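In the numbering used here, the protein residues as written are 1 to 244.
Next up, the structure:
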């Protein structure tokens, strides 16, 4: 049983932006893809968790530290592995490279929820192979405290959740939230500001036809907070973009 998994992806036209650079959303999709492959190898994939244990995985936090972004047609290698599980929390790491040049380091926090109660389940009691010889290195920096306050003037736009935003659980996909947060910035801003770090904390689920108000603020012109909030005040996600 392998304690890590590697995937390789040639960056096609769907993985790059208007400047032919790898996008944050494509990076996240590739991360999910390799994680799914490894979960299948370990016997803890989504179908097995649901059918055999009545549970499902969720991601609660992600941090990505970025050195540079690859170009169209580059081949990206993604290495991922889980750290030893805690009581209910699990951490999974990833290293992104082009050839022998690492360009992004990712840390993520996961947990298992019961399908009926939506309460956390202990991985060791829900089919996770606790005897796995776990790696120990954390890839990205420590998580920041994400609790920004916003005023009405910080509202960037409102988004209505559509079918294309939904995942297999029929709620808004994690990558769709990241795309929504990224949309708070314009093309010229992104072209003139190199992204060095990104964090997101997932707070609540969203469903078809719900409205998410997207707020953005900065205190120093380098650290930008972007959050999604439902009209009733429910915080859906908080993000932090750190630019050079």
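Glycine included, C-beta positions come from ideal geometry on N, C-alpha and C. A quick note: this is a predicted structure, and the numbers were derived from the prediction, not measured.
Practice task
Compute the Euclidean distance between the alpha carbons of residue 67 and residue 44, then round it to the nearest angstrom.
Solution key: Numbered from 1 along the chain shown, position 67 holds the residue referred to as residue 67. Numbered from 1 along the chain shown, position 44 holds the residue referred to as residue 44. Approximately 32 Å, taken between the alpha carbons.
Problem - Meets three-Cβ-pair contact criterion under 8 Å: the segment 19-36 and the segment 157-167 - result: no
Handout entry: Identified DSSP bridge partners for residue 62
Key = Here residue 62 refers to the residue found at position 62 of the chain shown. In DSSP, residue 62 forms a bridge with 108 and 200.
Problem - 3 or more residues per run - each beta strand (DSSP E) lying fully within the segment 83-168 - result: 89-98, 101-114 and 155-160
Exercise for the section: Please state if the CB of residue 39 and the CB of residue 65 are separated by a distance shorter than 9 Å. Expected result: Residue 65 sits at position 65 when you count from the first residue of the chain shown. Residue 39 sits at position 39 when you count from the first residue of the chain shown. No.
Handout entry: Inter-residue Cα distance where the pair is residue 134 and residue 232
Key = Here residue 134 corresponds to residue number 134 of the chain shown, with the count starting at 1. Here residue 232 corresponds to residue number 232 of the chain shown, with the count starting at 1. Distance between the alpha carbons of residue 134 and residue 232: 42 Å.
Handout entry: Helix, strand or coil at residue 46 [DSSP, three-state]
Key = Taking the chain shown and counting its residues from 1, one reaches residue 46 at position 46. It is helical.
Problem - Touching by the beta-carbon criterion (3+ pairs, under 8 Å), the segment 115-125 and the segment 165-174 - result: no
Exercise for the section: Using DSSP bridges, identify the partner residues of residue 179. Expected result: Locating residue 179 in the chain shown gives position 179, where the first residue counts as 1. Answer is none; residue 179 lacks a bridge partner.
Problem - Neighbourhood of residue 128 by C-beta distance below 7 Å, restricted to the same chain and skipping five residues each side - result: Against the chain shown, residue 128 aligns to sequence position 128. Excluding positions up to five away in sequence, the list reads 44 and 85.
Practice task
Taking all protein chains shown into account, decide if residue 33 is buried (16 or more other Cβ within 10 angstroms of its Cβ) or exposed.
Solution key: Against the chain shown, residue 33 aligns to sequence position 33. Exposed, since its Cβ has fewer than 16 Cβ neighbours within 10 Å.
Handout entry: Cβ shell of residue 181 (< 6 Å), same chain only, five flanking positions each side left out
Key = As a working note, residue 181 is residue 181 in the chain shown. So the qualifying residues of the chain are 226 and 239.
Exercise for the section: Can you give me the start and stop residues for the alpha helix (DSSP H) that residue 192 sits inside? Expected result: As a first step, residue 192 must be located in the chain shown, where it is residue number 192. Where residue 192 is concerned, the enclosing alpha helix (DSSP H) stretches over 187-192.
Exercise for the section: Drop a sphere of 10 angstroms on the beta-carbon of residue 80, count the other beta-carbons inside from all chains shown, and report buried for 16 or more, exposed for fewer. Expected result: By 1-based counting over the chain shown, the position of residue 80 is 80. Buried, by the Cβ-count rule.
Handout entry: Contact between the segment 47-66 and the segment 2-22 (3+ Cβ pairs under 8 Å)
Key = no
Handout entry: Per-residue burial, residue 78 [other beta carbons within 10 Å of its own, 16 or more giving buried]
Key = Taking the first residue of the chain shown as position 1, residue 78 is located at position 78. Counting Cβ neighbours within 10 Å, residue 78 comes out buried, since at least 16 surround it.
Exercise for the section: Return yes when at least one heavy atom of the ligand PLP lies under 8 Å from the C-beta of residue 111, else no. Expected result: Among the ligands in the structure shown, none appear at all, so the ligand PLP cannot be discussed.
Exercise for the section: Select from 5, 58 and 145 the residue whose C-alpha is nearest the C-alpha of residue 114. Expected result: Here residue 114 corresponds to residue number 114 of the chain shown, with the count starting at 1. The shortest C-alpha separation from residue 114 is found at 58.
Problem - Rounded C-alpha distance that separates residue 184 from residue 214 - result: Counting from one through the chain shown, the residue named residue 184 turns up at place 184. Counting from one through the chain shown, the residue named residue 214 turns up at place 214. Approximately 7 Å between the Cα atoms of the pair.
Exercise for the section: Select from 110, 71 and 150 the residue whose C-alpha is nearest the C-alpha of residue 219. Expected result: Within the chain shown, the letter at position 219 stands for residue 219. The shortest C-alpha separation from residue 219 is found at 150.
Exercise for the section: Quick one: grab the DSSP three-state call for residue 31. Expected result: Taking the first residue of the chain shown as position 1, residue 31 is located at position 31. Three-state result, residue 31: helix.
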